[in-house]
Ligand SMILES: [Zn+2]
């Protein structure tokens, strides 16, 4: 295998070599370490927040195929001015907002088929580490506390870091323009950024050598990545919008002292628009995952995200989800028709691995899945059917789709409101009859109970099973 990824730092596709391999270990002995920036928990995750989660979920599944040990860390930002603002506006406590939003985030991402990261540290659990890093940065001359009335603010001294800007490749004027979003008269240099700031009594704060305060946003990822992955790890990921200032500042904080290499590779997913425009609440195209899940199965939303290559801008549309749903139904139909035939070798097929190893080319992987499906539909021998079914399921496994029995896919309907359509009911009855023939009565009863819960009554008679809506 040769894994190639686009590295933002080098601005090109490169052959991936883990730090362990670089140090002389074989691939079988290598441990791959990856950190991806997670959500700020103040509101429902929108579909743009879900894109990196799904993209790096597939990438993790791929890495796990290629390496025996992979550690995937994704943080939760639970101290941020956006959270403070939401608390003020809604009258809820900060703790309530972050706890509830984190829970919803977990449920929504699970519905999209994203596996949990190995570690999911919260910023507020690592404040001590952030204070310690800030002290180290001050001691080494890379940070300073603002004087006079601005005391309590600690800033990173950007000119102390000659190669600042190496990830974003922005020039000095662009860096300053970017940093102006957060202007402050006490900055020695307009590009300097906040490491620590004072908190008033009504805001979250922790005691520190600079008084009661709270960290700037960038600090947490430097501290938590080192804590869980070490000072040097393999891949740092996130959305393209994080390249500057967030990731640039993480690099500054983590590499200015000593010769720490921090992340070896940087991977960023492209921007997301919705219905052809930038998402905005006023345009009505601001899609939260939570709302979309009321309308579509999570698996279809996931596939809609994967149909575009992760580095490309993605125009996310409801039409796109419907198309993804049809594609999934095509796959599930093929699997259902050969239902009783046992799948052999459920490894991801070689042609799918090859395109995924080429900078995670998910659209090409899906094209292969359609070809396999056509072959499966045309297969006549049982052996071919088992082999092709195994290939299709193996490909689905690595993309995180086709992970449920077909009857379950076809029985999906928007939660709460409608009931199953006739086609789904027929499919479920067929599945139940098959289970009964195999004398798997637990399974057949489970399907009957599931239908009963949907208000569908079954009647088994000499001519077969009939049904009616109760
Ligand atoms: Zn981060």
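Residue numbers (the numbering used here): 57 to 526. Each residue gets a CB set at the ideal place from its N, CA and C atoms; glycine is no exception. Predicted model, so just to flag it, every value in this text is computed and none were measured.
Quick one: what does DSSP say residue i is sitting in, helix, strand or coil?
| i | result |
| --- | --- |
| residue 271 | strand |
| residue 397 | coil |
| residue 217 | coil |
| residue 156 | helix |
| residue 199 | strand |
| residue 92 | strand |
| residue 319 | strand |
| residue 177 | coil |
| residue 469 | coil |
| residue 282 | helix |
| residue 251 | strand |
| residue 102 | strand |
| residue 515 | strand |
| residue 525 | strand |
| residue 291 | strand |
Quick one: is residue i buried, meaning 16 or more other Cβ sit within 10 Å of its Cβ, or exposed?
| i | result |
| --- | --- |
| residue 85 | exposed |
| residue 269 | buried |
| residue 401 | exposed |
| residue 112 | buried |
| residue 497 | exposed |
| residue 282 | buried |
| residue 58 | exposed |
| residue 426 | exposed |
| residue 376 | buried |
| residue 325 | buried |
| residue 290 | buried |
| residue 105 | buried |
| residue 525 | exposed |
| residue 131 | buried |
| residue 436 | exposed |
Taking just the CA atoms, how far does residue j sit from residue i?
| i | j | result |
| --- | --- | --- |
| residue 267 | residue 185 | 16 Å |
| residue 478 | residue 117 | 36 Å |
| residue 48 | residue 387 | No answer is possible for residue 48: the residues shown for the chain start at 57 and end at 526. |
| residue 309 | residue 278 | 7 Å |
| residue 305 | residue 434 | 55 Å |
| residue 107 | residue 126 | 21 Å |
| residue 43 | residue 404 | This structure cannot settle anything about residue 43, because the visible part of the chain is limited to 57 through 526. |
| residue 419 | residue 119 | 18 Å |
| residue 196 | residue 313 | 7 Å |
| residue 381 | residue 62 | 29 Å |
| residue 501 | residue 484 | 11 Å |
| residue 416 | residue 319 | 19 Å |
| residue 292 | residue 298 | 11 Å |
| residue 444 | residue 463 | 20 Å |
| residue 90 | residue 295 | 14 Å |
| residue 141 | residue 514 | 54 Å |
| residue 504 | residue 488 | 7 Å |
| residue 383 | residue 363 | 11 Å |
| residue 333 | residue 192 | 44 Å |
Alpha carbons only, please: which of the options is nearest the one belonging to residue i?
| i | options | result |
| --- | --- | --- |
| residue 396 | 194, 439, 67 and 363 | 439 |
| residue 245 | 211, 501 and 275 | 211 |
| residue 455 | 502, 101, 62 and 170 | 170 |
| residue 121 | 88, 106, 103 and 305 | 88 |
| residue 134 | 178, 145, 144 and 93 | 178 |
| residue 465 | 413, 190 and 385 | 385 |
| residue 378 | 365, 471, 149 and 353 | 353 |
| residue 235 | 410, 225 and 250 | 250 |
| residue 60 | 139, 321, 168 and 181 | 321 |
| residue 163 | 484, 463 and 346 | 346 |
| residue 461 | 480, 470 and 410 | 480 |
| residue 255 | 272, 239 and 411 | 272 |
| residue 398 | 368, 518 and 448 | 448 |
| residue 472 | 441, 509, 488 and 492 | 509 |
| residue 331 | 374, 361 and 366 | 374 |
Assess, as a yes-or-no matter, whether the region 95 to 114 is touched by the region 137 to 155 under the definition of 3 or more beta carbon pairs within less than 8 Å. Yes, they touch.
Determine contact between the region 203 to 220 and the region 379 to 393, defined as no fewer than three beta-carbon pairs at a distance below 8 Å. Short answer: they don't touch.
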